[in-house]
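For the sequence shown, counting from 1, position 214 maps to 214 in my numbering; every step adds exactly one.
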Amino acid sequence: MYVSDTSSQGPPPTTVTATATVTVTATPTCEPPPPLKCDEYGYLVQYNTLYRVDLQTGGYEEVATVVTDGDGINAIGYHPLDDYLYGIVNPSRQLIRVSSLGEATVVSTFTEAQMGPSANVGDIDGEGYYWFGSGGRTWHQVDLRTPGSAAYGTIVASGTANTLGLSVADWVHIPAAGPYLWSVAAGLVGGGSGTTLMRFGLETKRWEAVGRYPVLARGGFGALYGINNGTLYASNNAEGEIWAFNVFGGAPYLASTGPASTSNDGARCVLNMLE
């Protein structure tokens, strides 16, 4: 069933404009590592390993086993303007850029006061802003528009949001679907078993429930991938099932089964239409 539910939003979200600067900015002096190519694949991180996933078949291959020296990478997003992946290293709070070879470059390092202890949701909008946070309850907007500019790699705004009692494990921006970050959560608003399609308004900074469905797979959906026709692929952590949703309406369907993990996050070039 396809519905809209904003009645349980609770208090209004809070928003602050960040004035603190990041502590580290890396400016490589040599040729940068090669970017990706806006291909049809999803890119999946499990702890510190990067995979390339065929969303239609579930087949996957390893790109790199040790992307960083940290404990794990999360909150990854695909930058549509430069074709690199970006994500947060936990617990060091480093914002990194990842090449097609799985090589990481540190862009910025944030303090705990700026972003909290860790992050698990992230994506990049069409203007080049990286949106990341923790559980959908916090959000941070990072300027990744122009490398070398004073604002590049800095948090320009932050805030909190009410997730309607649901747990958000990843989000994805689909330009054709408006100024939103989309997510799939286990459970229903108000309680009960099921699956909820949600969206976070980049302008309103509010969550709303858009679609309610039965239980599709056990546990949460930690890796999401978008296509700019309104398709959202959601990979289930516990079973590796990849479900396809149409954010404009319709019933989700099981597209394939990929790798399962307790630590999942995904991203892809939303502009590739899987043709």
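Even for Gly, the Cβ is constructed at its ideal location relative to N, Cα and C. On a predicted model such as this, the values are computed, not experimentally measured, just so you know.
Would you call residue i buried or exposed, if buried means 16 or more other Cβ atoms sit within 10 Å of its Cβ?
i: Met-198; result: buried
i: Phe-200; result: buried
i: Leu-254; result: exposed
i: Ser-149; result: exposed
i: Glu-241; result: buried
i: Arg-218; result: exposed
i: Trp-182; result: buried
i: Gly-190; result: exposed
i: Ala-186; result: buried
i: Val-184; result: buried
Can you check DSSP and say which residues form a bridge with residue i?
i: Asp-265; result: Val-45
i: Ala-116; result: The question names Ala, but residue 116 is Gly in the sequence shown. In the DSSP output, where bridge partners are listed per residue, Gly-116 has none listed.
i: Tyr-233; result: Tyr-225 and Ala-244
i: Trp-131; result: Asp-123 and Gln-141
i: Ala-161; result: Per DSSP, none; premise fails for Ala-161.
i: Arg-218; result: According to DSSP, Arg-218 bridges with nothing at all.
i: Arg-97; result: Tyr-86 and Thr-105
i: Arg-212; result: Thr-196
i: Thr-257; result: Glu-241
i: Gly-190; result: The partner list for Gly-190 (beta bridge, DSSP) is empty, contrary to what the question assumes.
i: His-173; result: Leu-181
i: Leu-50; result: Val-45 and Ala-64
i: Tyr-78; result: Leu-85
i: Gly-201; result: Tyr-180
For residue i, collect the residues of the same chain with a Cβ closer than 7 Å to its Cβ; drop the 5 residues on either side in sequence, then sort them by chain order.
i: Leu-188; result: Gly-194, Thr-196 and Arg-212
i: Gly-116; result: Ser-134 and Thr-138
i: Glu-71; result: Looking at the sequence shown, residue 71 is not Glu but Asp. Asn-90 and Pro-91, listed in sequence order.
i: Leu-55; result: Gly-42, Tyr-225, Tyr-233, Ile-242, Ala-255 and Ser-256
i: Ser-99; result: Pro-33, Pro-34, Pro-35 and Tyr-84
i: Leu-216; result: Thr-195, Trp-243 and Pro-252
i: Pro-175; result: Gly-126, Asn-228 and Val-270
i: Cys-38; result: Asp-83, Cys-269, Leu-271 and Asn-272
i: Tyr-130; result: Gly-77, Tyr-86, Gly-122, Ile-124, Val-142 and Leu-144
Would a C-beta distance cut-off of 7 Å place residue i and residue j closer than the cut-off?
i: Tyr-47; j: Ser-235; result: no
i: Leu-224; j: Gly-192; result: no
i: Val-168; j: Gly-226; result: no
i: Ile-155; j: Gln-94; result: no
i: Tyr-84; j: Pro-35; result: yes
i: Gly-128; j: Leu-81; result: yes
i: Ala-104; j: Thr-49; result: no
i: Ala-119; j: Ile-73; result: no
i: Ala-161; j: Gly-230; result: no
i: Asn-272; j: Glu-40; result: yes
i: Gly-222; j: Asp-170; result: yes
i: Phe-132; j: Ala-75; result: yes
Among residues of its own chain, excluding the 5 on either side of residue i, which ones have a beta-carbon nearer than 6 Å to its beta-carbon?
i: Leu-202; result: Pro-179
i: Arg-97; result: Tyr-84, Tyr-86, Thr-105 and Val-107
i: Arg-145; result: Gly-128
i: Gly-58; result: Ser-256, Thr-257 and Gly-258
i: Phe-245; result: Leu-197, Leu-232 and Pro-252
Excluding sequence positions up to five away, which residues of its chain have a Cβ less than 8 Å from the Cβ of residue i?
i: Leu-101; result: Pro-33, Pro-34, Val-63 and Ala-64
i: Tyr-51; result: Tyr-43, Leu-44, Val-45, Tyr-60, Glu-61, Glu-62, Val-63 and Pro-259
i: Gly-153; result: Val-22, Thr-25, Leu-95, Val-107, Ser-108, Val-142, Asp-143 and Leu-144
i: Val-66; result: Asn-48 and Thr-49
Three CB pairs or more closer than 8 Å across the stretch 206 to 225 and the stretch 247 to 257
yes
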